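Protein chains: 4
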Amino acid sequence: MTNGEPTQEPVQRGLRTGRLEAFSDGVFAIAITLLVLDIALPATAAKHLLRSLGDLWPSYVAYVASFGTIGALWLGHNVITEYLDRVDAVFIRINLLLLLFVAFLPFPTRIVADYISEQSPERVAVTFYGVTFLLAATLLLVLWRYAVRRRLVRPDMNDEEIDLLTQRLTPGLGGYLVLIVAGLFIPIVAVIGYLAVAIYYIVPSRGLTRLIRRKLHRPQRS
Amino acid sequence: MTNGEPTQEPVQRGLRTGRLEAFSDGVFAIAITLLVLDIALPATAAKHLLRSLGDLWPSYVAYVASFGTIGALWLGHNVITEYLDRVDAVFIRINLLLLLFVAFLPFPTRIVADYISEQSPERVAVTFYGVTFLLAATLLLVLWRYAVRRRLVRPDMNDEEIDLLTQRLTPGLGGYLVLIVAGLFIPIVAVIGYLAVAIYYIVPSRGLTRLIRRKLHRPQRS
Amino acid sequence: MTNGEPTQEPVQRGLRTGRLEAFSDGVFAIAITLLVLDIALPATAAKHLLRSLGDLWPSYVAYVASFGTIGALWLGHNVITEYLDRVDAVFIRINLLLLLFVAFLPFPTRIVADYISEQSPERVAVTFYGVTFLLAATLLLVLWRYAVRRRLVRPDMNDEEIDLLTQRLTPGLGGYLVLIVAGLFIPIVAVIGYLAVAIYYIVPSRGLTRLIRRKLHRPQRS
Amino acid sequence: MTNGEPTQEPVQRGLRTGRLEAFSDGVFAIAITLLVLDIALPATAAKHLLRSLGDLWPSYVAYVASFGTIGALWLGHNVITEYLDRVDAVFIRINLLLLLFVAFLPFPTRIVADYISEQSPERVAVTFYGVTFLLAATLLLVLWRYAVRRRLVRPDMNDEEIDLLTQRLTPGLGGYLVLIVAGLFIPIVAVIGYLAVAIYYIVPSRGLTRLIRRKLHRPQRS
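First to last, the protein sequences are chains Z, R, Y and X. Residue numbers for the first sequence follow the working numbering, beginning at 340 and rising by one. Residue numbers for the second sequence follow the working numbering, beginning at 340 and rising by one. Residue numbers for the third sequence follow the working numbering, beginning at 340 and rising by one. Residue numbers for the fourth sequence follow the working numbering, beginning at 340 and rising by one.
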């Protein structure tokens, strides 16, 4: 019976998305919360604690920029999986690759926090930071484009809706490229730029909000 | 068909709350569990381990106060999302901002634990701690008030019920302001005060319990 | 209408257990995984890495004992919430107190790992470790007894079934008391004993397995 | 009534798998995300940050190999629990033992990252790493074979399907044995080999994909 009816609805779903979402949410939530471990006072801070806390500003900026970026990636991931009808094995692999870079982000964040206020290595630190962001954002777009090409998206989505999300996910990549180059000249501007890109992704676009509403006509998955 | 019937029920729900809750629960749970990493013995503890463990009392107090505060914020977040009919894109952004401060809390906790028993920098440490609490609690209230103003709450909630939760979330802010000032004079009193505010939030109020019961007449979301 | 029918079924449920379980699972999972961070080689390990890895045996024993204990507490928590019909506000508070000790466990684990092989402070370390275990296990029993006394358990549970779970959760406390005393004389025996208690809790009892089967006659929550 | 009808459907299910999956997902996600904490620059890195970041290549290789392995174990765990009709108490114990090794993996990963580029202790480090992988992969196979032997798998699975998953989980063990021996001679080859085994597990096999599709004919568990 099971292999006699290969075209019926549950077959199309591929793998369940529930545990993929749970595992991904876990990695996003842990990576975003581990960022705080990299904010540390030097051992000599006791004497001038207020000034020492102030001197940590690069750590705070890096914390907020990385928090915003991981938050934006999580939000994008969230929207993509909402659009999906099913996932396949390649999708899971691309998703693992995306999570590999998400989980890696606390390390370049720490590098930026440690070296942004120093003269010589700040360029290297900020470039390393930006490249990791660029790779993670690219993989999120790859994840989405793969889902579209392999028709994993819900059948009731029309082309206009799909294009709108693609357009939404793409310009950030250009932004990252510009900021990586800018960071070679004025590193701190690049860090603030990364925060701006994160805010751009987080701020709701009208078109997308409209799409999400339509999407909710289908019965809710848990 | 989808845009021809904009007033039907699923459209009103906005985004699914499931993954927002899962991600938020993750951040709360991780932040509350990372607190223990900041309790550390000095390298010279071996000789008088019992005394060294006793000397860590500021770490224990800070651990309990922060654990209680994150627990209280989680509980408040829990109640708010229970009341919601749907979330919108701005709600998600305010929620990310709240989580930014929740995930940050282990850092001021470590600062308080390290400097509360020292003379000079304890005022700075306790103020830094209190301001973070105040910001997190304020954002929780902002989240709730935004949800009320934008009518994201369930339609069967009446004004009395909404006011009761608002009244419940508000006085803690005044408490934090008083304690921040008190901490400038007697730091340790402020830390114990923060624990007291957390207990106040956690202890059930009669009115709220009654409300929660009523709320459960609706079919359970998972 | 909502307050005119106070006796109907949803009212009795109190708060939803879903997020309480998700948050608790998160804290248990994080605390159990953070244990590994406390296993660390000394800086001088490079020369004789194999011997240095062997010299870490107290860390491995403490890791396994704590992992087993947190695993056993999670399992007990799991069984208790399975039995519940609903939770109330006090239950949530006791649960937060239990999680406070669960999340604290990585610290005494580190203390035991660091000092078990040294002469003088090992007694203090092992006692500190055992007392934390005792408090966590006691709170788990308090959680269960509170749920029974306040009739939060499912109405179709009979007294025999409730007694069986109570009997299952109780003897470990006596075991911890004996081991705390034993640890004052032969510390390493106590650590191995804590592992044995964890295994006792994890190993399935016949009576309990039978109960769990019966319990599953009700429709599945979540 | 409950014990008068022991053969009806819910009784066969044993324990709910929901919280076992949630707890396991949590441990997998946390262990995979903690790996990044072990990537650290030496204190002298400021002068030649780019070179210092390059010198960390063993950390990156170890990070990717461990991330891939935990990802593969999670994927295998995912497939196994998908096949299950119910779990029993022994299954839960074996699962805890598997998680014990999964949660342990960040430690050997750190050892490999620290010592792979040094002459003498690299053999020990790589062997320690490989043995942990072998034990975790073996436990995953034990978990599956136990589920098959105790007839915990879904009744509509036929023998061919079960054999296919067994064949899929088995050869990696041989791969680990070969790599552990190879690591005694050329350590870095073994580390790259571990990454290759992880990719082998992650890359979808045709037979398995077909099976997973069939499996989805049953109603979805949440």
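Backbone N, C-alpha and C fix where the C-beta goes; we use that ideal spot for every residue, glycine too. Here the structure is a predicted model, which is why all the values come from computation and not from measurement.
Next item on the list: Can you give me the start and stop residues for the alpha helix (DSSP H) that R:S391 sits inside?
Entry: 388-394
Checklist line | Coarse secondary structure for X:L444, derived from DSSP in three states | finding: coil
Notebook entry, point to check: How long is the line joining the alpha carbons of X:F524 and Z:Y485, rounded to whole angstroms?
Noted result: If you draw a straight line from the Cα of X:F524 to the Cα of Z:Y485, it comes to about 41 Å.
Item checked: Spatial neighbours of Z:T346 in its chain, beta-carbon cut-off 7 Å, leaving aside the 5 residues before and after -> Caution applies to Z:T346, whose pLDDT of 33 falls short of 50 and renders its modelled position unreliable; the model cannot decide the point.
Checklist line | Assigned secondary structure, Y:V492 (DSSP; H/G/I helix, E/B strand, else coil) | finding: strand
Checklist line | Among X:L479, X:P447, X:T408, nearest to Y:I378 - alpha-carbon criterion | finding: X:P447
Item checked: Host alpha helix (DSSP H) of Y:P510 (start-end) -> 510-524
Next item on the list: Have a look at X:S398, X:E360, X:R432 and flag the residue whose alpha-carbon is nearest the alpha-carbon of X:V418.
Entry: X:E360
Note to self: Would X:P381 pass as an interface residue toward chain Y - the criterion being a Cβ-Cβ separation below 8 Å?
What the structure shows: no
Checklist line | Interface flag, Z:A361 vs chain X, CB-CB below 8 Å | finding: yes
Check: What is the DSSP secondary structure of R:V426, reduced to helix, strand or coil?
Finding: strand
Margin query: If you follow the alpha helix (DSSP H) that Z:D364 is in, where does it begin and where does it stop?
Written below: For Z:D364, the enclosing alpha helix (DSSP H) covers residues 357-373.
Notebook entry, point to check: At a CB-CB cut-off below 7 Å, which residues of chain X make contact with Z:Y454?
Noted result: A385, L388
Notebook entry, point to check: Within 10 angstroms of its Cβ, does Y:W483 collect 16 or more other Cβ (buried), or is it exposed?
Noted result: buried
Next item on the list: Could you work out which residues of chain Z lie near R:E457, taking near to mean beta carbons separated by less than 7 Å?
Entry: A385
Check: Hey, does X:A510 have any beta-carbon neighbour from chain Y nearer than 8 Å?
Finding: The question names Ala, yet the displayed sequence has Pro at residue 510 of chain X. X:P510 does not count as touching chain Y.
Checklist line | X:W413: contacting residues in chain Z (beta-carbon distance under 7 Å) | finding: F362
Next item on the list: List the residues of chain R whose Cβ lies closer than 7 Å to the Cβ of Z:A293, in chain order.
Entry: An answer regarding residue 293 of chain Z cannot be provided, because it is not within the stretch 340 to 561 covered by chain Z.
Next item on the list: May I have the straight-line CA-CA distance separating R:V542 from Y:L412, to the nearest angstrom?
Entry: 24 Å
Checklist line | Residue closest to Y:A476, alpha-carbon to alpha-carbon, out of Y:S456, Y:Y454, Y:L437 | finding: Y:L437
Next item on the list: Report the rounded CA-to-CA distance for R:P494 versus R:Y422, giving the unit in angstroms.
Entry: Approximately 10 Å, taken between the alpha carbons.
Next item on the list: Starting from the beta carbon of Y:I378, find every residue of chain X whose beta carbon is closer than 7 Å, and list them in chain order.
Entry: F446
Check: Does Y:L392 get closer than 8 Å to chain X when you measure Cβ to Cβ?
Finding: yes
Next item on the list: Please go through the same chain and pick out, in chain order, the residues whose beta-carbon is closer than 7 Å to the beta-carbon of R:V441, but skip the five residues on each side of it.
Entry: V366, F367, A370, I409, L412, A475
Next item on the list: Would you check if the distance between the CB atom of Y:S398 and the CB atom of Y:A452 is smaller than 8 Å?
Entry: yes
Next item on the list: Taking all protein chains shown into account, decide if Z:V403 is buried (16 or more other Cβ within 10 angstroms of its Cβ) or exposed.
Entry: It counts as buried.
Next item on the list: Give the interface partners of X:I541 over in chain Z, defined as CB-CB distance under 9 Å, in chain order.
Entry: A428, I431, R432, L435
Check: Hey, how far is the Cα of Z:W396 from the Cα of Z:L380?
Finding: Looking at the two C-alpha atoms, the distance is approximately 11 Å.
Checklist line | R:N497 burial status per 10 Å Cβ neighbour count (16 or more: buried) | finding: exposed
Checklist line | Contacting residues, own chain, Cβ-Cβ under 8 Å from Z:L512 (five flanking each side not counted) | finding: L473, A476, T477, L480
Note to self: With a threshold of 8 Å between beta-carbons, can Z:F443 be considered close to chain X, or not?
What the structure shows: At a cut-off of 8 Å between beta-carbon atoms, Z:F443 makes contact with chain X.
Next item on the list: Identify the contact partners of Y:F472 in chain R, using a Cβ-Cβ distance below 8 Å as the criterion.
Entry: In chain order: nothing, as chain R lies at least about 15 Å away.
Next item on the list: Check whether the Cβ of R:V520 lies closer than 8 Å to any Cβ atom in chain Y.
Entry: no
Checklist line | Reduced DSSP category for R:N497 - H, G, I as helix; E, B as strand; rest coil | finding: coil
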